[in-house]
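*Asks:* What follows is a single structure, and I will ask about it in a moment.
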Amino acid sequence: MAKKVIAFFQGFVLGLMVDQTENYIITSNRESGFGRYDIMLEPIDKTNEKLPGIVIEFKVINQRKENSLEETVAAALKQIEEKN
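Quick note on numbering: UniProt numbering labels position 50 of the sequence shown as 50, and the sequence is numbered without any gaps.
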């Protein structure tokens, strides 16, 4: 179920990003570092400080491991720190 929810939101957000193809290289579900990211926006002009690189990762609450949104966010932030 979680994979279907993530796939839905990933497709939805990718659709919203279509108008950014002039500024960004948009990729999804690619290997990077220690795992996969859901969506990455890499600026075409890397010298333009107004266009930061963006990585988007979707998370769904795992009710067997986490009791609240706060716990899910804490787990996601821990994952970011561990994978640097």
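Built from N, CA and C at the ideal position, the CB exists for glycine as well. Bear in mind the structure is a predicted one, so any value in this text is a computation, not a measurement.
Hey, quick one: how far does the beta strand (DSSP E) through Ile56 stretch, first residue to last?
*Replies:* Ile54 to Ile56
*Asks:* Give the straight-line distance between the Cα atoms of Lys59 and Thr72, rounded to the nearest whole angstrom.
*Replies:* 8 Å
*Asks:* Mind checking which residues open and close the beta strand (DSSP E) that includes residue 85?
*Replies:* Outside the displayed range of the chain (1 to 84) lies residue 85, so it cannot be described from this structure.
*Asks:* Looking only at its own chain, which residues have a Cβ that is under 6 Å from the Cβ of Met40, when we skip the five neighbours before and after it?
*Replies:* Thr27 and Val55
*Asks:* In the structure shown, what three-state DSSP assignment does Thr72 receive?
*Replies:* Of the three classes helix, strand and coil, the one that applies to Thr72 here is helix, per DSSP.
*Asks:* Strictly by DSSP, which residues pair up with Arg30?
*Replies:* Tyr37
*Asks:* Can you give the Cα-Cα distance for Lys65 and Ile6, rounded to whole angstroms?
*Replies:* 18 Å
*Asks:* Indicate the three-state DSSP secondary structure (helix, strand or coil) for Ile6 in the structure shown.
*Replies:* helix
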